[in-house]
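Taking our numbering, I'd label the letters of the sequence shown as residues 14 to 544.
The C-beta atom is built at its ideal place from N, Cα and C for all residues, glycine as well.
See below for the structure under consideration.
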Amino acid sequence: MASNRPLSTRLGFHFAACATVAAAQAAHAEVVRWDCNLVIPANFDGLYINIATQGTGTSSTSSAGWDINPYGATTLNFFASTTAPNPTTTYLRTQTTGGPSRLQEGTAIGASGPFANSTAAVISATGVGSNGWTINSVNYFGFRFYNETTGAVNYGFGAMQVGATAAQRTLLFLSYENNGTAIVIPPSGPYDPCATSNPSASIGANTVTYRDDATVANVTACGGTIFRANYYRFTAGDAGSYTFQTCPTSGAASMALLSACDSSASVLACGTSACGGTGSTVTTTLAAGASVWLAVGKSTADANLGSTVPITVTAPPIAACVNAASAPFGISPFSNAGQTVDQTVLSAATGGTTSIIYKAAWYKFVPGVNGLYTFSLCGSVNDTKMALGTACPASGQTFQSLAYNDDTCPCSSGCGTGTTQPSYSSKMGAGQTTGIVLNTELTAGTTYYIVVGGFGATTAAVSGNLEITGPPQPNCPADLNDDGFVNGDDLGILLSQWGACASSCSADFNNDGFVNGDDLGVLLAAWGACP
14 MASNRPLSTR LGFHFAACAT VAAAQAAHAE VVRWDCNLVI PANFDGLYIN
64 IATQGTGTSS TSSAGWDINP YGATTLNFFA STTAPNPTTT YLRTQTTGGP
114 SRLQEGTAIG ASGPFANSTA AVISATGVGS NGWTINSVNY FGFRFYNETT
164 GAVNYGFGAM QVGATAAQRT LLFLSYENNG TAIVIPPSGP YDPCATSNPS
214 ASIGANTVTY RDDATVANVT ACGGTIFRAN YYRFTAGDAG SYTFQTCPTS
264 GAASMALLSA CDSSASVLAC GTSACGGTGS TVTTTLAAGA SVWLAVGKST
314 ADANLGSTVP ITVTAPPIAA CVNAASAPFG ISPFSNAGQT VDQTVLSAAT
364 GGTTSIIYKA AWYKFVPGVN GLYTFSLCGS VNDTKMALGT ACPASGQTFQ
414 SLAYNDDTCP CSSGCGTGTT QPSYSSKMGA GQTTGIVLNT ELTAGTTYYI
464 VVGGFGATTA AVSGNLEITG PPQPNCPADL NDDGFVNGDD LGILLSQWGA
514 CASSCSADFN NDGFVNGDDL GVLLAAWGAC P
């Protein structure tokens with residue numbers, strides 16, 4: 014492949030002596046490391062390197078299919094082949110100009126880049142570095158290249174030892190993931206399962222660094238061995254049932270939940286097979302604030318998990334939402350006094366973006382009949398936000414709202430002095446509240462969760478009335494014995510009708526032909542004296 018940089022006529026060619034990489038071109042995915050220790054000649058040509066074949070040459074024509082070219086007589090520069098099928102840009106660069114960036118341990122090199130090409134020196138003739146490069150140190154750099162042995166673009170990183178001047182440089186090794194996924198620069202030194210710098214797991218989807226050199230951390234547990242286990246700490250939010258799952262993109266993984274970052278720690282829960290047999294999942298109950306360690310490693314000694322593993326943590330819904338006070342149809346007081354936790358919501362009103370409701374207070378409402386409902390905080394003290402949804406979020410997670418508003422108040426009594434307060438309808442249409450996107454009506458018997466709170470982080474406590482209007486509600490339908498109260502007597506009647514209705518059931522509040530949990534929710538929401 015021809016270069017567009019002027020070259021000398023010297024056509025010397027050699028193959029560098031390097032460490033053997035077993036099964037480097039194997040069909041299965043793996044991290045390939047070439048411990049090449051290549052001294053980069055201090056001249057205008059430098060060294061042309063084919064990463065996949067481990068071929069080198071002192072000109073572009075003497076190293077077929079070359080990918081990268083470190084060079085420079087008194088400086089250190091990087092050139093790259095852009096001839097198809099090579100990528101048009103090669104080196105990872107987080108700055109806006111200059112050559113490759115000097116990368117830190119823990120940096121991921123993958124499709125998101127950003128990649129760029131520049132022949133600007135990363136170390137000048139006077140020893141001044143740019144983009145983080147320094148003399149008398151090992152400098153990591155990232156790259157992507159077309160791997161002719163896999164027929165795909167692969168991502169990797171290299172380590173360049175630079176001496177007292179830019180002309181003193183040795184390429185220590187090149188490492189890449191041969192299945193086209195991202196690779197992470199691992200920490201140097203032996204693996205320490207209890208190091209504070211180790212990545213931790215959090216609620217939701219995680220992609221964490223995996224170190225295959227954790228040879229002293231095999232875990233014998235649950236009737237088997239987790240080979241080269243890495244330890245990831247997790248701290249629970251609310252008490253409840255948590256599920257942890259790993260589904261690696263290559264190889265097969267095992268997992269167990271331990272009480273500490275030690276292979277001899279107590280096993281709290283064993284993983285079971287998941288993801289078609291290549292992954293593992295663990296479900297256990299944790300106390301609020303409890304810290305545990307996920308031991309994740311290879312199912313077999315010869316498996317290859319790559320440089321990262323995915324871990325998904327599913328948490329219980331937050332207690333404040335699950336145990337929310339019931340809001341009746343009509344007018345009832347609300348307040349976020351004493352609340353300290355903010356809630357992020359996915360705002361359907363703003364096209365799928367998120368918004369924060371500060372010092373969130375939770376309420377729930379169960380409609381008695383199907384129809385169009387409007388919720389209003391008009392006349393409240395201080396500026397508010399409000400959102401509505403059907404599923405409580407986990408701690409720290411986004412509330413998937415069906416409707417949201419922070420700035421509309423179409424109420425007959427007028428808005429609070431100096432501010433406009435939120436109100437929203439559950440259905441968008443002509444003449445209805447603007448900015449609300451929800452094209453369905455509320456369903457009788459379904460529990461809807463309402464979160465209200467302040468507009469901003471510095472907003473003082475909000476309070477006022479929550480007004481719920483809509484179609485006329487049944488006159489206390491949960492009072493099945495018509496004594497003016499919804500209590501244990503009515504609960505007994507409901508339980509006696511549990512299941513499919515043979516004809517009509519007085520406890521089938523949502524008229525779906527069954528007495529079940531939906532109807533029980535309606536009864537419990539109406540508990541107490543009838544309005």
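- Annotation for residue 126: 105 place their beta carbon closer than 7 Å to its own, counting only its chain and skipping 5 residues before and after.
- With contacts defined as CB atoms closer than 7 Å, residue 462 and residue 377 qualify as a contacting pair.
- Per DSSP, the beta-bridge partners of residue 299 are 253.
- The DSSP-derived three-state label of residue 269 is strand.
- Looking at the DSSP output, residue 263 sits in no beta bridge, so it has no partner there.
- In chain order, 367, 411, 413 and 414 place their CB closer than 6 Å to the CB of residue 359, counting only its own chain and leaving out the 5 sequence neighbours on each side.
- Looking from the CA of residue 460, the closest CA among 510, 148, 396 and 534 belongs to 534.
- Under a 10 Å Cβ-count criterion, residue 483 is classified as buried, with 16 or more other Cβ atoms of the shown protein chains found around its own Cβ.
- Taking the C-beta atoms as reference points, residue 245 is found no nearer than 7 Å to residue 227.
- DSSP places residue 506 within a helical segment (H, G or I) once states are collapsed to three.
- Between residue 222 and residue 304, the beta carbon gap of about 20 Å keeps them out of contact (Cβ cut-off 8 Å).
- The shortest C-alpha to C-alpha distance from residue 389 to any of 477, 322 and 329 is the one to 477.
- Counted as a single uninterrupted DSSP element, the alpha helix (DSSP H) harbouring residue 332 occupies residues 332–335.
- Between residue 271 and residue 278, the C-beta gap is smaller than 7 Å, which places the two residues in contact.
- Comparing C-alpha distances from residue 232 to each of 275, 248 and 254 shows the shortest one belongs to 275.
- Taking 3 residues as the minimum length, the beta strand (DSSP E) runs contained wholly in the stretch 159–246 are 165–175, 182–190, 217–222 and 232–234, in order along the chain.
- For residue 142, no beta strand (DSSP E) encloses it, and the DSSP letter there is neither H nor E.
- Taken through DSSP and simplified to helix, strand or coil, residue 74 comes out as helix.
- For the 7 Å CB-CB criterion, residue 458 and residue 522 form a contact.
- Judged by DSSP secondary structure, residue 281 falls within the beta strand (DSSP E) whose first and last residues are 280–283.
- Residue pairing by DSSP places residue 81 opposite 62 and 93 in a beta bridge.
- In the same chain as residue 308, and ignoring 5 residues on each side of it, the C-beta atoms closer than 7 Å to its own belong to 232, 239, 242, 244, 268, 269 and 271, in chain order.
- Taking C-beta atoms as the reference points, residue 84 and residue 59 count as a pair closer than 7 Å.
- By alpha-carbon distance to residue 160, the top candidate from 256, 193, 135 and 501 is 193.
- Listed as beta-bridge partners of residue 46 by DSSP are 188.
- Annotation: residue 136 to residue 62 spans about 20 Å, alpha carbon to alpha carbon.
- Residue 533: member of the alpha helix (DSSP H) spanning 530–538, first to last residue.
- For the pair of segments examined, the stretch 178–190 was found to touch the stretch 43–51: the number of CB pairs separated by less than 8 Å reaches three.
- When secondary structure is reduced to three states using DSSP, residue 123 falls in the coil class, being assigned neither helix nor strand.
- Between the C-alpha atoms of residue 536 and residue 344 there is a straight-line separation of about 19 Å.
- With a cutoff of 7 Å on beta-carbon distance, residue 152 and residue 115 are scored as near each other.
- For residue 309, the enclosing beta strand (DSSP E) has its first and last residue at 304–311.
- Membership of residue 480 in the beta strand (DSSP E) is indicated by the continuous run 476–482.
- Put simply, the backbone Cα of residue 509 is about 28 Å away from that of residue 404.
- Taking 7 Å as the cut-off, the beta carbon of residue 532 is found closer than this to the beta carbon of residue 520.
- For residue 397, the closest alpha carbon among the candidates 525, 326 and 473 is that of 473.
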